[in-house]
Every structure is written in structure tokens, then in C-alpha cells.
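In terms of UniProt numbering, the sequence shown has 434 at position 434, counting the first letter as 1, and numbering is strictly consecutive.
Yeah, the Cβ is synthetic: ideal placement off N, Cα and C, and Gly gets one too.
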Amino acid sequence: MSQAVRKRGGKKSATPPTSSIVDDDLNKLKAYNEDSETPKEPERKYYIALIIVTLCAIYTRFSKIDTPAKVVFDEVHFGKFASYYLERTYFFDLHPPFAKLLIAFVGYLVGYDGNFKFENIGDNYIEHNVPYVAYRSFSAIQGAAVVPVMFLTMKNLGYSVPACLFSSLLVCFDNAHVAESRLILLDATLILSVALTIFAYTRFITYRKVPFSRKWWTWLSLTGVFLSCVISTKYVGVFTYVTIGIGVLYELWYLLDFKRGLTLTDLSKHFFARLWALIIVPFMIYLFWFYLHFAILVKSGPGDSFMSSEFQESLLESPMARHAKDVHYNDIISIKHKETDAFLHSHLFDYPLRYEDGRVSSNTQQVTCVFDSENKESSDINNHWEILPPNDADAEGKAVYTNDIVRFRHVGTGGYLLSHDVASPLKPTNEEFTIAYDDDANADHYNETLFRLRLSESGNDKNKRKLVRTKAIPLKVIHVDTVVAMWTHDDELLPEWGFGHQEVSGNKKVQDRSNIWTFDEIVNLKEDDKRAEYVPKVIRKIPFLKKWWELQLLMFHHNNILSSQHPFASQPDSWPLALSGVSFWNDNEERKQIFFTGNVIGFWLEVGFLAIYVGLLLADQVTRRRHVYILNNKARSRLYNTLGFLFIGWSAHYLPFFLMNRQKFLHHYLPAHLIAALFSGGLVEFLCSNNSNKKTGQPKGVLKIRMAAFVSICAVGVVWFFFYFRPVTYGDISLSVEEVKRRQWLDIKLHYAK
Numbered sequence: 001m002s003q004a005v006r007k008r009g010g011k012k013s014a015t016p017p018t019s020s021i022v023d024d025d026l027n028k029l030k031a032y033n034e035d036s037e038t039p040k041e042p043e044r045k046y047y048i049a050l051i052i053v054t055l056c057a058i059y060t061r062f063s064k065i066d067t068p069a070k071v072v073f074d075e076v077h078f079g080k081f082a083s084y085y086l087e088r089t090y091f092f093d094l095h096p097p098f099a100k101l102l103i104a105f106v107g108y109l110v111g112y113d114g115n116f117k118f119e120n121i122g123d124n125y126i127e128h129n130v131p132y133v134a135y136r137s138f139s140a141i142q143g144a145a146v147v148p149v150m151f152l153t154m155k156n157l158g159y160s161v162p163a164c165l166f167s168s169l170l171v172c173f174d175n176a177h178v179a180e181s182r183l184i185l186l187d188a189t190l191i192l193s194v195a196l197t198i199f200a201y202t203r204f205i206t207y208r209k210v211p212f213s214r215k216w217w218t219w220l221s222l223t224g225v226f227l228s229c230v231i232s233t234k235y236v237g238v239f240t241y242v243t244i245g246i247g248v249l250y251e252l253w254y255l256l257d258f259k260r261g262l263t264l265t266d267l268s269k270h271f272f273a274r275l276w277a278l279i280i281v282p283f284m285i286y287l288f289w290f291y292l293h294f295a296i297l298v299k300s301g302p303g304d305s306f307m308s309s310e311f312q313e314s315l316l317e318s319p320m321a322r323h324a325k326d327v328h329y330n331d332i333i334s335i336k337h338k339e340t341d342a343f344l345h346s347h348l349f350d351y352p353l354r355y356e357d358g359r360v361s362s363n364t365q366q367v368t369c370v371f372d373s374e375n376k377e378s379s380d381i382n383n384h385w386e387i388l389p390p391n392d393a394d395a396e397g398k399a400v401y402t403n404d405i406v407r408f409r410h411v412g413t414g415g416y417l418l419s420h421d422v423a424s425p426l427k428p429t430n431e432e433f434t435i436a437y438d439d440d441a442n443a444d445h446y447n448e449t450l451f452r453l454r455l456s457e458s459g460n461d462k463n464k465r466k467l468v469r470t471k472a473i474p475l476k477v478i479h480v481d482t483v484v485a486m487w488t489h490d491d492e493l494l495p496e497w498g499f500g501h502q503e504v505s506g507n508k509k510v511q512d513r514s515n516i517w518t519f520d521e522i523v524n525l526k527e528d529d530k531r532a533e534y535v536p537k538v539i540r541k542i543p544f545l546k547k548w549w550e551l552q553l554l555m556f557h558h559n560n561i562l563s564s565q566h567p568f569a570s571q572p573d574s575w576p577l578a579l580s581g582v583s584f585w586n587d588n589e590e591r592k593q594i595f596f597t598g599n600v601i602g603f604w605l606e607v608g609f610l611a612i613y614v615g616l617l618l619a620d621q622v623t624r625r626r627h628v629y630i631l632n633n634k635a636r637s638r639l640y641n642t643l644g645f646l647f648i649g650w651s652a653h654y655l656p657f658f659l660m661n662r663q664k665f666l667h668h669y670l671p672a673h674l675i676a677a678l679f680s681g682g683l684v685e686f687l688c689s690n691n692s693n694k695k696t697g698q699p700k701g702v703l704k705i706r707m708a709a710f711v712s713i714c715a716v717g718v719v720w721f722f723f724y725f726r727p728v729t730y731g732d733i734s735l736s737v738e739e740v741k742r743r744q745w746l747d748i749k750l751h752y753a754k
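Given below as C-alpha cells:
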């Protein structure tokens, strides 16, 4: 079969076998009068323009890099994570480790010990001897590098110097890009990785006529490496994968064409080369960063509570090894909710007979949860519970296992924990938890006081019979009679009659991860009890892939549930027009502030160009249906192939956010903005070119005077806005009330406008 294909396709044709997406249309350019086209600009002009725009990028990113000398916005997170790396203390975060490792490496290079934990916005760096300028400079270097990479990407795509300059300036003088790339944040790494991915892929395009050559492999492999950097920084990097993936699929579809003359063997080589370079190698690199992450973070830390007990016992100095004790029947324990760190509690106060919404309660003793950041609640007798077997059999001293059925006696009041088919105070679909006393608890309501201890592991592990230990074993407390899980939450607290405590109720969604509790401490443990002696444990070894898989599931889970309200969260429909922003930092004494928002003029220009592009596509399709061919072949190639690829890239990085329920912020739009800037430079050149299919007096190609004038006018507006909003981008200048008010464009709400 392959021989037949080779015979029929073996004859030399005008079309090279492995030309690029654009090359097929470019072959048609031979029909043009090449003398009438705009001559290619000399390399010297490109490099002069590249130097100028790079110097501008360095100026905008490094200017006032030491201001303010205080913690700004999300520096509280990513500076803190760098400190944990330097101390080798385990932490949990929603994002992959690559960019955080780079930040920590900067701290390592300058000899920082990670003592400062970036606890609060506004904490002073100088007072705590934090090398914040080095940290911020690393972000600034990456932010400045984005601009020349964009310029060279446009050059790879064959655009003129003004088009390259215009695309670069839209990011160079964008207030949002500048703000994000001069602070200790992840976005500088993310955006540079996106820019490098697009650059490498466009460079790879130029070598498609020589497949499997050294340079072809080099740029294909680099595309995969940069893709890995994107996905290893934030999971929104999957959108960059979609962008490149669409280009690769289109290319493979093009190569599949019988006219290309490729055998099935040739096609399989192309497919597996891309599979290796763009999927397998990037995934291996992605795994490497997690391997490094686990290799560094070997000490117990604030991330322990997110992980399984097995994972925690693999950490040095883990509380599991020092404080975990076997639980026995008749032990008096405190019970702690894993997600809210609140203790199970009861007291001699009843639920009101009737709630505010008119529902009726059991009017019996309240069961709540209490939280204390100083952890003093563990000593309160109303937080103490005696764990008992389901009958009066002598079980004292016998160990408690998962899957056991138990009862809980409240030490403070002497009653038994009970759940029944009465609606809870705040969640009408959930069951009420209360206390029953001896006569009721041991007679009519006995079954309602029985609870099963279920191991909170997934799959078949939940049915394992495992020794229950304090702090170490995550449990779901399942009510035997009605099969609901004991649950609490801190998003809404009980009113005054409930003293502002957390509600405890029976959750019918037994599988929810928020149903997890631990037995925190054995209160009545005596000194002569063998369990009181600390016996050093051998640190548990867990295979890397098992740890990686557990962390992956947790990261995806917490990303999906990140839906709580934030005062500066915004919806995607407001991003392209920079309708609002985020307050990063403010100084009430000097009335200075940093407000994160985009360059409104630049953002609006991009939206205008995107809308014009859609109109051009529609117009071209409609006119061609009537056999009216307005555009020449070169123009259509640029319109559908080059600009089409960039338009798809913008869409892939923007539109998926409409499907997400999690918190969203303006900074999520920056990768899409970057690609829209590349697109805008290309469309400006398209609009300032003679694209007619008919012979006219004008030369074909770019009309230089029109192009220069158009780019100059737009660039002046973009640069003016940047400097006009500079005081609230850098936070180095105090503005009067009137000056602040004049900068409240659109829905932007600044501090000190009164």
C-alpha cells in the first residue's frame, strides 16, 4: 500500500512534501509580480528596533523596583513558599512547583535563610533583612525578556519592523504586565513561558521544509520544553497546549493530504516525533519538578494537614511520629474537623424551638464546633468526649479500629452524641446533631447514638480495618441509623443563640471530602501509660509516583472548589476592556497605592482589532460565495493561517474561563492579552497593506507611510496612558484627591478618592 502511495505521489511537484501551513499558500505567490511587492526590510532595522524596545522593557520593569519596601498582594503567598523551600518545610499550594522553585533558587543564590514568612500585606522587608529586590529583579528580568521574544516572534512570522514594534509596545507599556512582572509572583514566569512557546513554534515552522533535520528537531523540542514550563507553573498552561495542539493537528492533517506525497511510514514518523517532543518529554520534565519538590520538602510543615496520614509519616519531624497515640475505648478525646480546625463541642444550651425562617427544631441541647487560633479549646471540658463501645461490654483498654461502631459521651454534660431526622439550623437538608441523656440514649434513641468510624480514604481503602491513632488517622463519622456524615462548616456561623459557633449537622453527601475529622488528643492519658512514651518511628518511604498522584488529586480538587467570594474577583467579560482591576497595596500614611489594571487604550485597541478580524472573515466568505475575489492569495494566507493561528491562541487562553466556577481575576487574562498583542501587530500590517486581487497603481505589500502613521498614533496613546497611570502602577507617588479621581476610568475604584 505504501509503495502505491509512493508511486503515485513520487512525481516531483511544485509543492514540497512537508511545507508548512502557510507554505502552501505562499507557493501561489509566484503568480504575483514580485517586483511590485514591498522589498524586505534590512536586518539592521530589525535589530535597532529590537534594542530600543528591549531597553524600554528594562526601564519599565526595573524602575523603582525597590518600591514599596513592603509585602504587596500575593507576595504573601509566593514569598512565603520560597521561605518554606529554603527551610525544607512541607507546604501545600494549588500551583505546580516550577516557578516557586525558581524564586526559592534566587533566595538560595543570595544566601537567604527563609526566616521571614511574608505573613501580612504591608510587612516591612528592610526591617526583616529580606532580599526582596533580588526576588523582584528575577521577575523583572523575565518580564523584560517577554518583550524582545514577542518582537522576534513577529519577525519569525515575516512581519515588518513597525508591526513587530507595535506588538511589543502593547506589552512593554501595559500597566498590568508591568505590575505583575516586578513583584514576587508566578505570572512573570508563566507569561515568559507562553511567549517562548509561541516563539519556538513559529521558529519551528521555518524549518518544516527540512523535516528531521537538526534545527527542525531543536525547535520542535524547545517548543515542548517551553510548553512544559507553562504547565509546570500554572495549570492554565493547558490553554497553551490547546493552542499548539490545534496548530499541530492542522499541520498533520495537511501532511495527510495525498498530494503531499508522504507514505504512511513518513506520516507515522511525523506523528511520533511530535508525540515525543510535545507530550512525552514535557511530561517527564513536569514530573522532574515534582520530584525536586518532594526531595527538598522533607520536614513536617503547614502542608501536612492536606495530605494523607501515610504521606505525613514520610516527613521528618512529623507530628505523626511524635504525637500520634493509639486510641482505646473509654479514652477521653478531643475531636477536630480537618478542613476548619474546629473542635466538636456541646454545652447546656438548647436549640431555639423555632428558627428565624419558621422551621421547628427539637429544642434539645446544642452540638456545635468552636475554633481558637491559639489552640486553647483543646483544654475545654465541653470539647471532651469519651469514646465507648456500642454496648456495656467491658472494652476498656481495647484498641479502637476503623469500621468499629462506637458511641460518644459528652464529658462536660454527661449526655450522648445523637443525630436524628430533624433539620439542622442552617442547612434544612442536613440532619440535626444533639445530645441525649441516659434514659433516652439507652432506650428509645439508642440506635440514634451509634456511629461508625470510616477511614476517609478513596476506593476500597475506606473499608480497611485500621488502628485509630490521634492526629494520624482521618475519619468520617457516619451515623448508623440514617447514614449521614458528621460535618461542620465556617462559611456561615450560628446566630446569637448559638454564640457564633459553627453548626454541626449530618451531611447526606457522605463522600464529600469536607466530612473528615481526626481524634486530636487523648485528654486523660496518664504518665504511666505506655502510650505516653515517645518511641521514635522510622520515617516511612513512599514511592515518588504515589506521592505525586496524591498531590495531583488534591491540587485539582482545591482548584475546583476555589469559589469563595473575593472583593476584587471579576468575570471574564470585563477583562478584554480592562473595566476594573485589583488593589495590590496601599499606604494610608503617605496616601500611596498600587492598583493592578491594564493599559485601557492598549486593551481597547486589541478588542477593536479582534472585532475587525471577525468582520473581515465574514466579508471574505460572503463575497467569495458570490465569486467576488477581493483579496489576493498572500493576503488570504496571512488572514486565515498566521492571523487565524493567533486568533485561535487568544480564544483558547480566554474563552475557557467562562466555563469555570472558581475565583477569577484580571491577571488570568494576561496570557490571552499577550497573544492578542501579537495578533494586533499582524492585523495592523494587514490593514496597512495593498491586499487587492486586482492590479492597481499601488505596490503590493505593506504601505509604509500608512503603516508608520497608524502605528505611531496608536503607540503614542498606549505610552501616554502608561505614564498617566504610572503612579498607581509603581506606588511611588502620592496623588491628590482630584488626581486620583481623574484616574478612576470605567469601573476602576481607587483608594484616596475622598
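Per DSSP, what kind of secondary structure is Met660 in: helix, strand or coil?
Coil.
Kindly identify the DSSP beta-bridge partner or partners of Ala423.
Partner(s): Glu431.
Count the other CB atoms within 10 Å of the CB of Pro543; is the residue buried (16 or more) or exposed (fewer)?
Around the CB of Pro543, fewer than 16 other CB atoms lie within 10 Å, so the residue is classed as exposed.
Please classify Ala485: does DSSP put it in a helix, a strand, or coil?
Of the three classes helix, strand and coil, the one that applies to Ala485 here is strand, per DSSP.
Any idea if Gly261 is buried or exposed, counting beta-carbon neighbours within 10 angstroms, 16 or more meaning buried?
By the 16-neighbour rule on beta-carbons within 10 angstroms, Gly261 is buried.
Check whether the segment 329-340 touches the segment 355-368, counting contact only when three or more Cβ pairs, one atom from each stretch, lie closer than 8 Å.
Touching, no, given that fewer than three Cβ pairs across the two stretches are closer than 8 Å.
Rounded C-alpha distance that separates Asn586 from Gly122:
Taking the straight line joining both Cα atoms gives about 8 Å.
Out of Pro495, Lys464, Ala423, state which residue places its alpha-carbon closest to the alpha-carbon of Asn507.
The alpha carbon of Asn507 has as its nearest neighbour, out of Pro495, Lys464, Ala423, the alpha carbon of Ala423.
Rank Val468, Lys541, Arg136 by C-alpha distance to the C-alpha of Leu185 and give the top, closest one.
For the options Val468, Lys541, Arg136, the alpha carbon positioned closest to that of Leu185 is the one of Arg136.
Going by the beta-carbon positions, is the gap between Phe433 and Met486 smaller than 9 Å?
With respect to Met486, Phe433 sits close: the two C-beta atoms are nearer than 9 Å.
Should His673 and Ala176 be called a contact, given that it needs their Cβ atoms to be closer than 9 Å?
Going by C-beta atoms, His673 is nearer than 9 Å to Ala176.
Assigned exposure category for Asp74 - 16 Cβ within 10 Å defines buried:
Asp74 is buried by the Cβ-count criterion.
Keeping to the same chain, check which residues put their C-beta closer than 7 Å to that of His566; ignore five residues upstream and five downstream.
For His566, same chain residues with a beta-carbon under 7 Å away, outside a window of 5 residues either side, are Gln663 in chain order.
Using a Cβ-Cβ cutoff of less than 8 Å, which residues in the same chain neighbour Leu316 once the five nearest sequence positions on both sides are dropped?
Around Leu316, the same chain offers Val298, Lys299, Ser300, Ile539 as residues with beta carbons nearer than 8 Å, after the five sequence neighbours per side are excluded.
If contact is defined by three or more beta carbon pairs under 8 Å, each pair taking one atom from either stretch, is the segment 177-197 in contact with the segment 698-711?
The segment 698-711 vs the segment 177-197: no contact.
First and last residue of the uninterrupted alpha helix (DSSP H) at Val614:
Segment 600-625, the alpha helix (DSSP H) holding Val614.
How many Å lie between Glu37 and Asn691 at the Cα?
Note that Glu37 scores 42 on pLDDT, short of 50, meaning its location in the model is unreliable; the coordinates nonetheless yield the value given after this. C-alpha of Glu37 to C-alpha of Asn691: approximately 11 Å in a straight line.
CA nearest to the CA of Ala708, picked from Phe271, Pro68, Ser689
Looking from the CA of Ala708, the closest CA among Phe271, Pro68, Ser689 belongs to Ser689.
Which ranges would you report for the alpha helix (DSSP H) in the segment 174-251 if only whole runs of at least 4 residues count?
Every alpha helix (DSSP H) stretch that sits fully inside the segment 174-251 and reaches 4 residues is listed by chain position as 175-180, 187-205, 214-231.
With a floor of 3 residues, list each beta strand (DSSP E) that falls wholly inside the segment 84-109, ordered by position along the chain.
If we require 3 residues or more, the segment 84-109 turns out to have no beta strand (DSSP E) run fully inside it.
What are the boundary residues of the beta strand (DSSP E) that His347 is part of?
If you look at His347, you'll find it in the beta strand (DSSP E) that goes 343-350.
Could you tell me which residues DSSP puts in a beta bridge with Leu297?
Leu297 is not bridged to any residue.
If you drop the 5 nearest sequence neighbours on each side, which residues of the same chain put their C-beta closer than 8 Å to that of Asp520?
Within the same chain, and ignoring the five residues on either side of Asp520 in sequence, the residues whose Cβ sits closer than 8 Å to its Cβ are Ile333, Ser334, Ile335, Lys336, Phe343, Ser378, Thr470, Lys471.
Bridge partners - Phe596, DSSP secondary structure assignment:
Answer by DSSP bridge pairing, in chain order: Val582.
Kindly indicate which three-state DSSP category Ser361 falls into: helix, strand or coil?
Coil at Ser361, not helix or strand.
Environment of Asn156 [buried if 16+ CB atoms lie within 10 Å]:
Classified as buried, Asn156 has 16 or more neighbouring CB atoms from the shown chains inside 10 Å of its CB.
Round the Cβ separation of Thr153 and Ile198 to the nearest angstrom and send it over; I've been treating them as touching at under 8 Å.
At roughly 6 Å, the Cβ-Cβ gap stays under 8 Å, so Thr153 and Ile198 are in contact.
Compare the C-alpha of Tyr241 against each of Arg214, Phe204, Phe272, Pro282 and name the closest.
The alpha carbon of Tyr241 has as its nearest neighbour, out of Arg214, Phe204, Phe272, Pro282, the alpha carbon of Pro282.
According to DSSP, is Cys56 helix, strand or coil?
Looking at Cys56 - three-state DSSP - the assignment turns out to be helix.
Helix, strand or coil at Glu503 according to DSSP, with G and I counted as helix:
When secondary structure is reduced to three states using DSSP, Glu503 falls in the strand class.
With a cut-off of 8 Å, do at least 3 Cβ pairs link the segment 646-662 to the segment 677-685?
With the cut-off at 8 Å, the segment 646-662 and the segment 677-685 touch.
By Cβ distance, which residues of its chain are closer than 8 Å to Thr429, with the 5 residues on each side in sequence left out?
Only Ala423, Lys508 meet the Cβ criterion.
Looking at C-beta atoms only, is the number of pairs between the segment 205-216 and the segment 81-93 that lie closer than 8 Å three or more?
Cβ pair count under 8 Å is below three, so no.
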